[in-house]
Structure formats: structure tokens, C-alpha cells
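Residue numbering for the sequence shown follows my numbering, beginning at 1 and increasing consecutively. Inspection log for the structure reproduced underneath, given as C-alpha cells.
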Amino acid sequence: MGRNAVGDVRWGWQCPRCETDVPVTRDSGSETFCWACPQNTCPAVGFGFRSRRRARIALKEYRERYQDIYR
Ligand SMILES: [Zn+2]
Numbered sequence: 001m002g003r004n005a006v007g008d009v010r011w012g013w014q015c016p017r018c019e020t021d022v023p024v025t026r027d028s029g030s031e032t033f034c035w036a037c038p039q040n041t042c043p044a045v046g047f048g049f050r051s052r053r054r055a056r057i058a059l060k061e062y063r064e065r066y067q068d069i070y071r
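Here it is in C-alpha cells:
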């Protein structure tokens, strides 16, 4: 786990693909949380999370999958 452990405040909300700061927002309609990379050219997105923590975990998992593919 180490530096990238969930709950480590040093690990931020950065896009797994381009490292841009990614805002996590709450969808008032569905009561879920989502995140989307603000870069128009970047397809990274996640949605349908029941908490900010889950959204953050998903960001971490996305990053790990992405790095596995392009390692
Ligand atoms: Zn991005």
C-alpha cells in the first residue's frame, strides 16, 4: 500500500491518465458521487459511487488498471 494507500491524505484526486486535478461531485438526482477528468481530450470518468470514499477508491483502481495496461 504505502504512499498510495486509501486514506493517505497525500494521495490526491488526480486523473489517472493525465494527473490533472479531478473534482468529485455529488449528483443530487441519483444521490451518487462521480468524477470526471476536466480535460476535453481525456476520457477518464467514473460515476455511480455511493460515497466520496468509494469514488476515491475507484480513482485509485482506475489508476492501477491504467498503469497495468501501459506498463
Ligand atoms: Zn485526465
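Even for Gly, the Cβ is constructed at its ideal location relative to N, Cα and C. All values derive from a computational prediction rather than experimental measurement.
Check                                                                                                         : Outcome
Following a CB-centred definition, is Cys15 positioned closer than 7 angstroms to any heavy atom of ligand 1? : yes
Would you identify the three-state DSSP class for Arg50, choosing helix, strand or coil?                      : coil
Just the C-alpha distance for Glu19 and Glu61, rounded to the nearest angstrom, thanks.                       : 15 angstroms
Mind checking which residues open and close the beta strand (DSSP E) that includes Arg26?                     : 24 to 27
Can you tell me where the beta strand (DSSP E) holding Thr41 begins and where it ends?                        : Looking at the DSSP string, Thr41 is not in any beta strand (DSSP E), and its letter there is neither H nor E.
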